[in-house]
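> Numbering (the working numbering), first residue to last: 38 to 153. Just so it is clear, CB atoms sit at the ideal spot from N, CA and C, and this is done for glycine as well. Source: prediction; values computed, not measured.
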């Protein structure tokens, strides 16, 4: 298969591919990124396409893997951000959650801010 044939076939697959990916990601932005990444990976690995399945099936398999990679990366990012925020909050003397700090407030309110 030539590169031009691949591009033509890929372009014909895009509407169905977007619909499929959008159902798994529920994000238009992620869908666009995944379609683009799928095109790049498929075109870079076109020589590994053996023809055991249709090109469309092969493209959808690549898209599925790219979408899974995308979701794993987002999960890692979310966990990292949560951990960083938690560490910063615990290290911040302006955020008081300790009983001795609570007793300084007339109503036992947790103080947030620089004046704690």
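1) For residue 218 and residue 42, I'd like the C-alpha separation in whole angstroms.
2) Go ahead and label residue 54 buried or exposed: buried means 16 or more other beta carbons lie within 10 angstroms of its beta carbon, across all protein chains shown.
3) Pull up the distance between the alpha-carbon of residue 49 and that of residue 112, whole angstroms please.
4) Is it true that the CB of residue 79 sits closer than 8 Å to the CB of residue 99?
5) Consult DSSP for residue 39 and reduce its assignment to one of helix, strand or coil.
6) Is the distance from the Cβ of residue 47 to the Cβ of residue 76 below 8 Å?
Walking through what the data contain:
1) Because residue 218 is not part of the residues shown, which for the chain are 38 to 153, the question remains open.
2) On the chain shown, position 17 is the one that residue 54 refers to. Residue 54 is buried by the Cβ-count criterion.
3) For the purposes of this step, residue 49 is taken as the residue at position 12 of the chain shown. For the purposes of this step, residue 112 is taken as the residue at position 75 of the chain shown. Each residue's alpha carbon lies about 32 Å from the other.
4) For the purposes of this step, residue 99 is taken as the residue at position 62 of the chain shown. For the purposes of this step, residue 79 is taken as the residue at position 42 of the chain shown. In this structure, residue 79 lies closer than 8 Å to residue 99 by Cβ.
5) By 1-based counting over the chain shown, the position of residue 39 is 2. Of the three classes helix, strand and coil, the one that applies to residue 39 here is coil, per DSSP.
6) Numbered from 1 along the chain shown, position 10 holds the residue referred to as residue 47. Numbered from 1 along the chain shown, position 39 holds the residue referred to as residue 76. A contact, by the Cβ cut-off of 8 Å.
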